[in-house]
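Asker: Numbering (the UniProt record's numbering), first residue to last: 1 to 269. Where is the CB? At the ideal position from N, CA and C, for every residue including glycine. As the structure is a computational prediction, the values presented were derived from the model and not from experiment. The structure is given below, and queries will be raised subsequently.
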Amino acid sequence: MIYTKIQAPDYLKPYVRFFLIIESQEQISQPVRFNVFTDGYPGLIFQQEGIFSDNRMKPLPRLLLHGPITKYSEKTVKEKYNNLLVCLKPNALKTVFGIDAALLTDTYCDLNNMLKSSLTLSLFEARSVNEKITIVSHFLWMLATQNKHCQNRTVEYVMEALMNKNGIYSNGIYSIKECCSYVGISERSLERLMMENIGVSPKLFMRIQRFQSALSLINTNPFRSFTDICYQLNYADQSHQIREFKEFAGMTPKQFKLRDPQLILNFAD
Numbered sequence: 001m002i003y004t005k006i007q008a009p010d011y012l013k014p015y016v017r018f019f020l021i022i023e024s025q026e027q028i029s030q031p032v033r034f035n036v037f038t039d040g041y042p043g044l045i046f047q048q049e050g051i052f053s054d055n056r057m058k059p060l061p062r063l064l065l066h067g068p069i070t071k072y073s074e075k076t077v078k079e080k081y082n083n084l085l086v087c088l089k090p091n092a093l094k095t096v097f098g099i100d101a102a103l104l105t106d107t108y109c110d111l112n113n114m115l116k117s118s119l120t121l122s123l124f125e126a127r128s129v130n131e132k133i134t135i136v137s138h139f140l141w142m143l144a145t146q147n148k149h150c151q152n153r154t155v156e157y158v159m160e161a162l163m164n165k166n167g168i169y170s171n172g173i174y175s176i177k178e179c180c181s182y183v184g185i186s187e188r189s190l191e192r193l194m195m196e197n198i199g200v201s202p203k204l205f206m207r208i209q210r211f212q213s214a215l216s217l218i219n220t221n222p223f224r225s226f227t228d229i230c231y232q233l234n235y236a237d238q239s240h241q242i243r244e245f246k247e248f249a250g251m252t253p254k255q256f257k258l259r260d261p262q263l264i265l266n267f268a269d
């Protein structure tokens with residue numbers, strides 16, 4: 001699989017983390033199954049060439065909008081593929097599309113049916129990747145500017161508290177109590193805000209962030225011991241770390257090290 005990461009234009013950065021092109025390197029003669037890791041983020045996918053199927057072997061829509069991924073899953077493709085992914089910010093379902101994020105948690109919708117737009121046709125007619133990016137960017141910007149649900153400053157502060165502590169990645173160690181104190185709201189209010197705007201609870205979001213931190217540490221230093229990673233990320237013990245890793249990745253850390261990286265889909269970074 002070939003990954004091409006493209007930065008979002010400045011005016012879209014409040015809503016889009018980055019764009020990603022994924023394409024097969026060669027013709028596919030038999031079904032290929034990919035492991036999709038939990039990342040907690042929503043996204044928009046345009047399947048230009050090749051249609052992926054979900055866990056139940058149901059073909060995914062040509063143009064789909066998915067909510068935050070909180071469960072490990074598998075996707076299968078039987079043909080050569082070339083797809084455009086728009087990796088959205090955690091609260092983009094609310095700020096761009098105006099929908100409660102919890103409605104799409106771990107599921108997806110056909111964007112053509114939802115918005116009755118001509119986006120799919122426009123993307124098919126685009127002659128280059130840059131033209132596709134421009135078309136999608138304009139589409140998202142128009143939705144965001146017409147959306148009555150503007151950016152919620154409290155939600156932004158929550159994201160800062162959960163994902164960034166003193167300018168560095170928090171590794172999911174920041175407590176919910178600290179987060180509530182940081183933004184000045186109760187735990188119940190925080191839960192409601194997170195479910196409506198992000199689609200996951202604060203506790204689950206922090207667990208996912210810690211899992212992604214573990215992935216990053218394993219990838220950047222494959223020879224580092226799991227015990228060291230367990231200690232750095234504040235797991236109760238190594239069995240807890242392995243159990244949580246398997247929940248979000250579908251495999252243990254040891255199995256992950258042996259897995260073909262070409263068959264893993266992880267869009268957190």
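With DSSP as the reference, please indicate the residues paired to F52 in a beta bridge.
Answerer: For F52, which the question treats as bridged, DSSP gives the partners V77.
Asker: Looking at C-alpha atoms only, which residue of L215, N219, N221, N152 is the closest neighbour of L190?
Answerer: Of the candidates L215, N219, N221, N152, the one whose C-alpha sits nearest the C-alpha of L190 is N152.
Asker: Between which two residues does the beta strand (DSSP E) containing L64 stretch?
Answerer: That run of the beta strand (DSSP E) goes 63-66.
Asker: Starting from R243, trace the alpha helix (DSSP H) in both directions and tell me its first and last residue.
Answerer: 238-249 is the span of the alpha helix (DSSP H), which, as asked, contains R243.
Asker: Using a Cβ-Cβ cut-off of 6 Å (strictly less than) and excluding sequence neighbours within five positions of V77, which residues of its own chain qualify?
Answerer: Cβ within range, chain order: V32, G50, F52.
Asker: Touch check for the region 214-222 and the region 232-249: three-plus C-beta pairs under 8 Å?
Answerer: Touching, yes, given that three or more Cβ pairs across the two stretches are closer than 8 Å.
Asker: For V36, which of helix, strand or coil comes out of DSSP?
Answerer: In this structure, V36 counts as strand in the three-state DSSP scheme.
Asker: Could you tell me whether the region 97-108 touches the region 199-210, using the rule of 3 or more Cβ pairs below 8 Å?
Answerer: With a cut-off of 8 Å, the region 199-210 and the region 97-108 count as touching, because enough Cβ pairs lie within range.
Asker: In whole angstroms, what is the alpha-carbon distance linking residue 275 and R192?
Answerer: Past the boundaries of the shown model lies residue 275; the chain is included only from 1 to 269, so the question cannot be answered.
Asker: What is the rounded straight-line gap between the Cα of residue 272 and the Cα of F226?
Answerer: Lying before the first or after the last residue shown, residue 272 is absent from the chain, which here runs from 1 to 269.
Asker: Could you name the residues of the same chain whose beta carbon sits closer than 8 Å to that of N112, not counting the 5 residues immediately before and after it, in chain order?
Answerer: Excluding residues within five positions, the ones whose Cβ falls inside 8 Å are P61, R62, L63, L119, T120.
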